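The sequence shown lines up with residues 9 to 243 when you count with this note's numbering.
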Amino acid sequence: MPLPSDVADRGRAILASLFPEPAPPGEYALALALLEEGQGQSLDFGRLVARWVDHQAGPFECPAVAASVAGLAQFGAPPTAAATGPGLGAALVTLPFVARLAGHPRNLVAGLYHLARLLDPDPVADFSAVAVGVTAACFLGGRRDFVPDVLEVLIGNDAPPPLIEEVRRVPVWRRAEPGPGADPVEVAVGRLGTLLWGVRHDPEGWADRLAGSGPSAVRLGRTLAFLQARVTSGG
């Protein structure tokens, strides 16, 4: 199925790929609000946050996003520290917005980072959202090899070193998953690595590889594989 050429329709197609079920979680409502608020020439962050807090009841798949939206509702700002460990929820909410920013690399990175900061206070989560978004932008631009672009962005913006090293290992055919007892940051870093590794080496088997990484990883894997397939088919 080819992606629509219109930017707004393309964003909605990505959103539909992430959330195909009839009763989606709270992340769907946040992503839809972001798409709708992003239709104008500039994104009004205050108005976007006001819409986000309307959905604070969720339910959310990512605990970090749930805590951040609750913080936005109560204090007007997200928490300053993660109580749950970083997650992929910020990447999930911001990915459809890549349709608008894909042709503007600098705006893409800045926009995704600042949006992710509202949704998860941990830098690993914020730069994971950037990494996923840059990967999607590569596919939307017709390029399959996303690792150099992701590494350039992470290194150039002083991303957490473990995240950079994890992305460096994506081209390697074999990878080791974090073992039992790993701390939440290590688990989150490994989750991003598994996601990007699967998209690069085994896009058709993404479901099996991501099944243990949580629903956000599965959703992102499915959509990145969908976008990657459009590169192969020319659509």
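Even glycine gets a Cβ: it sits at the ideal position worked out from N, Cα and C.
From a predicted model like this one, the values you see are computed outputs, not experimental measurements.
Own chain partners of P179 with C-beta closer than 8 Å, once the 5 adjacent residues on each side are dropped: Correct list, in chain order: V155 and R208.
Through-space distance from E212 to A124, alpha-carbon basis: Computed Cα separation, rounded: 28 Å.
Nearest candidate by alpha-carbon position, reference P94, set A144, G84 and D191: Out of A144, G84 and D191, D191 has the C-alpha closest to the C-alpha of P94.
Inter-stretch contact at 8 Å, needing at least 3 Cβ pairs: the region 79 to 86 / the region 98 to 116: No, because fewer than three Cβ pairs between the region 79 to 86 and the region 98 to 116 fall closer than 8 Å, the two stretches do not touch.
Three-state secondary structure assigned by DSSP to T88: Looking at T88 - three-state DSSP - the assignment turns out to be coil, as it is neither helix nor strand.
Status (buried if at least 16 other CB within 10 Å, exposed otherwise) for S136: It counts as buried.
Counted within 10 angstroms of its Cβ, other Cβ atoms place F83 as buried (16 or more) or exposed: With fewer than 16 neighbouring CB atoms inside 10 Å of its own CB, F83 falls in the exposed class.
DSSP state of L96 mapped onto helix, strand, coil: It is coil, neither helix nor strand.
Proximity of A89 and P131 at Cβ, strictly below 9 Å: Cβ distance not < 9 Å, so A89 and P131 don't count as in contact.
CA nearest to the CA of A144, picked from R199, L204 and H122: The shortest C-alpha to C-alpha distance from A144 to any of R199, L204 and H122 is the one to L204.
Classification of Q236 by the beta-carbon crowding that lies within 10 angstroms, buried from 16 upward: So Q236 ends up on the buried side.
Nearest residue (CA-CA) to A107, options G222, Q47 and P86: Measuring from the Cα of A107, the nearest candidate turns out to be Q47.
CA-to-CA distance, E35 to A85, given in whole angstroms: Taking C-alpha positions only, A85 is separated from E35 by approximately 18 Å.
Given E45 as reference, the closest of D166, Q64, G66 and R20 once Cα atoms are compared: Checking every option, the nearest Cα to that of E45 belongs to R20.
Cβ-Cβ distance between G222 and E69 below 9 Å: If you check the CB distance, G222 and E69 come in under 9 Å.
Simplified DSSP assignment, three categories, for N165: Note: N165 maps to coil in three-state DSSP.
From D153, V175 and V197, residue whose alpha carbon lies closest to that of I163: Looking at the Cα atoms, V175 is the closest of the given residues.
Whole-angstrom distance between D134 and L51, CA atom to CA atom: Rounded to whole angstroms, the gap between the alpha carbons of L51 and D134 is 19 Å.
Beta-carbon separation (whole angstroms), L96 vs L228, contact threshold 8 Å: With a Cβ gap of about 6 Å, L96 and L228 count as contacting.
Short Cβ contact (9 Å threshold) for A139 with A99: Contact: yes.
Nearest residue (CA-CA) to P170, options R199, V142, A16 and L148: Of the listed residues, the one whose Cα sits closest to P170 is R199.
Exposure of P67, with buried meaning 16 or more beta-carbon neighbours within 10 Å: Sixteen is the threshold: since fewer than 16 other Cβ atoms of the shown chains lie within 10 Å of the Cβ of P67, the residue is exposed.
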